[in-house]
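Chains G and D supply the protein sequences, listed in that same order. Numbered by this note's numbering, the letters in the first sequence go through residues 1 to 349 in order. Numbered by this note's numbering, the letters in the second sequence go through residues 1001 to 1645 in order. Glycine included, each C-beta is placed from N, C-alpha and C at the ideal position. Owing to the predicted nature of the structure, the values given are computational and were not obtained by experimental measurement. Scroll down for the structure; my scribbles are underneath it.
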Amino acid sequence: MARRFAAAPAAATWLAASVAFAQDRPRVVPGAHDALLAAGPQAAHIGQLWNVVVAVCTVVFCAVLLGVLVALWRSGKATEATPVDLSSLGRHERGPYRAVLAAIGVSVALLFAMVVASVAADRALARLSLEGAVTIDVTAHQWWWELQYGGSPESARFTTANELHVPVGKPVIVRLRSDDVIHSFWVPSLAGKKDLIPGRTTTLHFRADQPGRYRGQCAEFCGFQHAFMAFEVIADPPDRYEAWAAAQRQPAAEPDDAAAQRGRDVFLRSACVMCHAIEGTIAAARKAPDLTHLASRTTLAAGTLPNGADELSRWIADPQALKPGVNMPAATLASADLAALVAYLGSLK
Amino acid sequence: MTMTARATEPRRNSVPVTAEEAAALEQTWRDPSGIYGWLAAINHKAIGRRFIVTAFGFFVAGGLLAAAMRLQLARPDNRLIGPDLYNQIFTMHGTTMMFLFAVPVMQAMSVYLVPLMIGSRSVAFPRMNAYAYWIYLFGGLMLYVAFALNIGPDAGWFAYVPLSGPDFSPGKRVDFWAQLITFTELSGLLEAVILVTTVFKLRTPGMTLNRLPLFVWGMLVTAFMVMFALPAVMLASTALITDRLVGTHFYNPAEGGDAMLWQHLFWFFGHPEVYLIFIPGLGFMSAIIPTFSRRPIYGYSAMVISLIATAFLAFGLWVHHMFATNLPELGKSFFTAASMMIAIPSAVQIYCWIATLWTGRLVLRTPLLFVLAFFFVLVLGGMTGLMLASVPLDLQVHDTYFVVAHLHYVLIGGAVFPLFGAFYYWFPKITGRMLSERLGRWNFWLFLIGFNVTFFPMHLLGVQGMPRRVYTYPVEMGWGGLNAIASLGALTIAISMLLFVVNVWRSLRHGAPAGANPWNAGTLEWATSSPPPACNFEAIPVVAGRDPLWEPGGQASLVRGLSVDSREVLMTTVLDAAPESREAFPEPTIWPMVGALATTVLFVGSIFTPWAVVWASVPVGIALTAWFWPRRPENRAHLALERAP
């Protein structure tokens, strides 16, 4: 008894530690993320096929098990000493022959039906109407997503990261490229996945029919932080989408208070500009996420952290603690400078 | 001196074999004693035992790595194992299980069993067999030494470029992985050559191909698959090594290479790989089911044809690992159809086994329990396999935990459960003692329950969107509960494996003596004593049916006239197993071991400098020359046998 009571505090400590670990990283509120809760036609087609195939497979599985169980139940019990029944050697076993043949016939028919259903679903996927489609160029990096919205004139184009806004009800074409290794673009609630392969361009078509937030993530192992390479698809009604896009096209706002102005100076004279871009300033590097409208995004570090002043401050001070292996180095800034930088970045709506 | 005396008047075995001849045979065929003898051993049973024990050792190592992963994933946002170590662990787990356990253990079982089942005194090329074992052992040790030194591979067992290429995996980690492939593929290919030659030329008289035990058929088919599949991955990994070490650009798109080339070559090997793990499992099934149903197998010919059909179709499926790439859609549909079609030969076999069970009388011992689990576990894995074969479904669940669940259901259900059945079935033959039936049942039930508790929740996790190969997952995704259950299941599996080890340990000393044929089985390996003598059979049996020990008239007859003083074996024709010639096999020697050491120096050295290939080929050449160097007394004895009528 004493030993059991001694184990209890140990277990409690362990549980407390696990809660502490869980709280170590601030939580993000994820968007919908389930292959069977479709929010668009592509995922819905796959969901229908899924239901058909799962039903057929369940029936076949149960039938095979039933066969084994009946065989176990009806065949007599024996021991190693039981003489071998060699009667099958000299004759044709009609019962088993017919049963096996029938079972194979049914299996072939069901397999054929599943091939047909699969190809039909494939056709339905390929026939998504692309009229009036929005085209977005997605470039995967270790471990974040660069998103470029096209358009002409050139001033209509803009770049953002990790949050893919799309208009509800309109088809979306994502052109997928990779800057380093192979990644895979996957938003379970909207469509199947597609790889991003260096040296090639792949495309994926989908449509979101319900407004909402849908979580996506990299599905191909891509190194240290494959686990935290998420993104969000935010499906808005067309007018809200247009308003968002119009705001994204604007260069970064001039900081209006002293702290933010100091923050901008910190940004421009520190190592940040080696990798990040902010439109409207001299920062134009494309090695890391575009920060022009950072404050308009809900997460940091590809869905790792919620976007708030505290998290941003922790992230800039020591990104390796929150996302080990990430390519962003820790910034060695005086705490006043860090606070100013966070204030500036927080003003980039 | 005695050698000369023997050479002039070769002694040959009579029927029945006299005690003096039996003693001479034992003396002729046994490996030398002592440490030197251990290193020089070439008897297929000694090599087979070592091979099985080594492969089981790697299985345990891979299992411990899996336990570490389950510990890490038991709760969300866990910081127990960081991404750097976790990536090494899952790469080591996959590499160990695929390259150091699953394929080798099947070849190991066949190195031990096939000569006994076909009534031969040895495998073909016994020295090469020893060399293949040492190469395998040294390759595996190299990988684990690298892992212990924190230079374990970390790009996945599939090592996709460019992640595994020079730009994104600097250092030596992936080089050790690529060289491990060279080691295991060399070993695997040699074993395949040995096995095909053994089965084609060393069968006992009367064992026509039509009477070959189904397990041997399975291993024969597997050996052919190895010969066609493994060169693809050897080519792929060699090109990866040269990309990494000498600056070629096979996989570099910037220089005209192609990242997809790797995937095609790897999966052209990788998918058949699944079947060369699965087909030996089918062989175990077909060996165990008739014995414990007390009747010959139903549908022998259909079974053989199914095995061959599976082997052919297995080479036409590789693209279903690549449905998410940008291959043409119509082409992908072809692979959907092919992937579904391969279910047919497997279904034929499953139905024939059920027919055998249905019409038999069952002896419910541990081997049969493991075999019955196949019907639950493998069939469920086969069903999810059909789902993965469909392009649209695969696009959702590809690279998620659904696939992790599927592949474990298929590989553990299709290969590991039958393998454990095989351990329980043949342990008495190998050691002369029975495994404990009571511990066996505990082992079985804990394994079956633990397995399903571990892997069934992973289906659901996959559908909920949990990707594979993540070192942790955010608490807010809600995957914590199912992962905790899976980790509890893994603990159960670990306990069941511990029970197996305890069972083996105890039974080796205290197990009930087995006798020659404890299960009253029908195939030839049960005709000889347990464990078998060094020469396997004192007189080679002649067979007249598929289950010689069950033949109504009993054993047909025995072969007389083979030398008892030198390692003479009887060669027979490929189809009909008619006696063709006598061949004298080589004596034990240490040179295969030395050759394997030299080869290891070459392979490991080449990770660090290309010059190792040049300079280390000198000791390899010396070892190979010594290996084949003829010895006068041996030659004289063999010549005398040839001259004798």
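Beta carbon proximity, Leu1380 of chain D to chain A, threshold 9 Å: In the displayed structure, chain A is absent; the protein chains listed are G and D.
Thr332 of chain G classed as buried or exposed, judged by whether at least 16 other C-beta atoms fall within 10 angstroms: Residue numbering aside, residue 332 of chain G sits at position 332 when the first sequence is read from its first letter. Around the beta carbon of Thr332 of chain G, fewer than 16 other beta carbons lie within 10 angstroms, which makes this residue exposed.
In whole angstroms, give me the CA-to-CA distance for Gly1414 of chain D and Leu1214 of chain D. For the purposes of this step, residue 1414 of chain D is identified with residue 414 of the second sequence, where counting begins at 1. For the purposes of this step, residue 1214 of chain D is identified with residue 214 of the second sequence, where counting begins at 1. Those two C-alpha atoms are separated by around 16 Å.
For Gly1421 of chain D and Ile1288 of chain D, which I take to be in contact (beta-carbon distance under 8 Å), what is that distance rounded to the nearest angstrom? Position 421 of the second sequence, counting from 1, holds the residue named residue 1421 of chain D. Position 288 of the second sequence, counting from 1, holds the residue named residue 1288 of chain D. Correct: roughly 5 Å between the Cβ atoms.
Compare the C-alpha of Ala103 of chain G against each of D:Ala1347, D:Pro1586, D:Leu1388 and name the closest. Translated into positions along the first sequence, residue 103 of chain G becomes position 103. Residue D:Ala1347 is the option with its Cα nearest to Ala103 of chain G.
Output, in chain order, the set of chain G residues within a Cβ distance shorter than 8 Å of Pro1392 of chain D. One-based indexing of the second sequence puts residue 1392 of chain D at position 392. Under the 8 Å cutoff, chain G gives His45, Ile46, Leu49, Ser118, Ala121, Asp122, Leu125, Gly192.
Determine the closest residue to Gln248 of chain G out of G:Pro96, G:Arg123, G:His293, G:Met274, with distance taken between C-alpha atoms. Along the first sequence, one-based indexing puts residue 248 of chain G at 248. Ranking G:Pro96, G:Arg123, G:His293, G:Met274 by Cα distance to Gln248 of chain G puts G:His293 first.
Taking the alpha helix (DSSP H) that Glu1021 of chain D belongs to, which residues open and close that run? On the second sequence, position 21 is the one that residue 1021 of chain D refers to. Segment 1019-1029, the alpha helix (DSSP H) holding Glu1021 of chain D.
What three-state label does DSSP hand Ala1598 of chain D in the structure shown? In the second sequence, counting from the first residue as 1, residue 1598 of chain D sits at position 598. Looking at Ala1598 of chain D - three-state DSSP - the assignment turns out to be helix.
Just to confirm, is the Cβ distance from Ala1146 of chain D to Gly1152 of chain D under 9 Å? Residue 1146 of chain D sits at position 146 when you count from the first residue of the second sequence. Residue 1152 of chain D sits at position 152 when you count from the first residue of the second sequence. Contact flag set, yes.
Look at the alpha carbon of Leu1419 of chain D and the alpha carbon of Phe1284 of chain D, and state the distance between them as a whole number of angstroms. By 1-based counting over the second sequence, the position of residue 1419 of chain D is 419. By 1-based counting over the second sequence, the position of residue 1284 of chain D is 284. Roughly 7 Å between the two C-alpha positions.
Taking 9 Å as the cut-off, decide whether the C-beta atoms of Thr1492 of chain D and Arg1127 of chain D are in contact. As a position in the second sequence, residue 1492 of chain D is number 492, starting the count at 1. As a position in the second sequence, residue 1127 of chain D is number 127, starting the count at 1. No, the Cβ-Cβ distance between Thr1492 of chain D and Arg1127 of chain D is not below 9 Å.
CA-CA distance, Gly1450 of chain D and Asn1443 of chain D? As a first step, residue 1450 of chain D must be located in the second sequence, where it is residue number 450. As a first step, residue 1443 of chain D must be located in the second sequence, where it is residue number 443. C-alpha separation (whole angstroms): 10 Å.
Tyr214 of chain G by DSSP, collapsed to three states: which one? Locating residue 214 of chain G in the first sequence gives position 214, where the first residue counts as 1. DSSP places Tyr214 of chain G in strand when its eight states are reduced to three.
Would you mind reading off the limits of the beta strand (DSSP E) that contains Arg269 of chain G? Within the first sequence, residue 269 of chain G is the residue found at index 269, counting from 1. Premise fails: Arg269 of chain G lies in the alpha helix (DSSP H), 258-269, not in any beta strand (DSSP E).
Could you name the residues of chain D that Leu72 of chain G contacts, counting a contact when the two beta carbons are closer than 8 Å? Translated into the one-based positions of the first sequence, residue 72 of chain G becomes position 72. Neighbours of Leu72 of chain G on chain D, chain order: Leu1357, Leu1362, Leu1372.
Are three or more beta carbon pairs between the region 1206-1222 of chain D and the region 1574-1591 of chain D nearer than 8 Å? Cβ pair count under 8 Å is three or more, so yes.
Three or more C-beta pairs under 8 Å: does that hold for the region 1423-1442 of chain D against the region 48-62 of chain G? no
Proximity below 9 Å, CB of Arg1509 of chain D to CB of Val1403 of chain D: The residue given as residue 1509 of chain D occupies position 509 in the second sequence. The residue given as residue 1403 of chain D occupies position 403 in the second sequence. No, the pair does not count as a contact, with Cβ atoms beyond the cut-off.
Could you pull out every residue in the same chain whose Cβ sits closer than 6 Å to the Cβ of Val1564 of chain D, ignoring the five residues on either side in sequence? Along the second sequence, read from residue 1 onward, the residue named residue 1564 of chain D stands at position 564. Answer for Val1564 of chain D: Arg1011, Asn1013, Glu1021, Ala1024, Leu1025, listed in chain order.
Cβ-based contacts, 7 Å cut-off: residues of the region 1321-1339 of chain D near chain G: Ala1324, Thr1325, Asn1326, Glu1329, Ser1333, Thr1336, Ala1337
Can you find a C-beta in chain D that's less than 9 Å from the C-beta of Ala22 of chain G? Position 22 of the first sequence holds residue 22 of chain G. Note that Ala22 of chain G has pLDDT 48, beneath the 50 cutoff, so the model's placement of it is unreliable and no number is given.
For Ser335 of chain G, which residues in chain D fall below 7 Å Cβ to Cβ? Walking along the first sequence from the start, residue 335 of chain G turns up at place 335. Within chain D, no C-beta atom comes nearer than 7 Å to that of Ser335 of chain G; the closest sits roughly 26 Å away.
With DSSP collapsed to three states, give me the class of Ala35 of chain G. Residue numbering aside, residue 35 of chain G sits at position 35 when the first sequence is read from its first letter. Note: Ala35 of chain G maps to coil in three-state DSSP.
Ignoring anything shorter than 4 residues, give me the alpha helix (DSSP H) runs that lie fully in the region 1150-1188 of chain D, in order along the chain. Taking only runs of at least 4 residues, no alpha helix (DSSP H) segment lies wholly in the region 1150-1188 of chain D.
Sub-9 Å separation of Ala1373 of chain D and Phe1417 of chain D beta-carbons: What you label residue 1373 of chain D is simply residue 373 of the second sequence in a count that begins at 1. What you label residue 1417 of chain D is simply residue 417 of the second sequence in a count that begins at 1. The answer is yes: Cβ separation under 9 Å.
In whole angstroms, what is the alpha-carbon distance linking Leu1646 of chain D and Gly1063 of chain D? Any question about residue 1646 of chain D goes unanswered here, given that chain D covers just 1001 to 1645.
Could you tell me which chain G residues have their CB closer than 8 Å to the CB of Ile1250 of chain D, listed as they occur along the chain? Taking the second sequence and counting its residues from 1, the one referred to as residue 1250 of chain D is at position 250. Here residue 1250 of chain D is Phe; the residue named in the question, Ile, does not match the sequence. The contacting residues do not exist; Phe1250 of chain D stays about 13 Å from chain G at best.
Tell me whether Phe1101 of chain D counts as near the ligand MN, meaning its Cβ is closer than 8 Å to at least one heavy atom of that ligand. No copy of the ligand MN appears in this structure; indeed no ligand is present at all.
Please report how far the alpha carbon of Ala295 of chain G lies from the alpha carbon of Pro1166 of chain D, in whole angstroms. Along the first sequence, read from residue 1 onward, the residue named residue 295 of chain G stands at position 295. Along the second sequence, read from residue 1 onward, the residue named residue 1166 of chain D stands at position 166. Spanning the two alpha carbons is a distance of roughly 37 Å.
I'd like to know whether the C-beta atoms of Ile1052 of chain D and Tyr1112 of chain D end up nearer to each other than 9 Å. For the purposes of this step, residue 1052 of chain D is taken as residue 52 along the second sequence, with counting starting at 1. For the purposes of this step, residue 1112 of chain D is taken as residue 112 along the second sequence, with counting starting at 1. Closer than 9 Å, so yes.
Specify the secondary structure class of His205 of chain G as computed by DSSP and reduced to three states. Numbered from its first residue, the first sequence carries residue 205 of chain G at position 205. In this structure, His205 of chain G counts as strand in the three-state DSSP scheme.
Which of the three DSSP states, helix, strand or coil, is assigned to Ala277 of chain G? Counted from its first residue, the first sequence places residue 277 of chain G at position 277. Here Ala277 of chain G sits in strand by DSSP.
Asp1031 of chain D CB to nearest chain G CB: under 9 Å? Residue numbering aside, residue 1031 of chain D sits at position 31 when the second sequence is read from its first letter. No, Asp1031 of chain D lies away from the interface with chain G (no Cβ there is under 9 Å from its Cβ).
Leaving aside the five residues before and after Val1161 of chain D along the sequence, list all residues of the same chain whose C-beta is less than 6 Å from its C-beta, in chain order. Taking the first residue of the second sequence as position 1, residue 1161 of chain D is located at position 161. Closer than 6 Å at Cβ, skipping near neighbours: Tyr1251, Ala1259, Trp1262.
On a Cα-Cα basis, can you pick out the residue from D:Gly1156, D:His1093, D:Met1117, D:Phe1125 that is closest to Gly1140 of chain D? If you number the second sequence from 1, residue 1140 of chain D lands on position 140. Checking every option, the nearest Cα to that of Gly1140 of chain D belongs to D:His1093.
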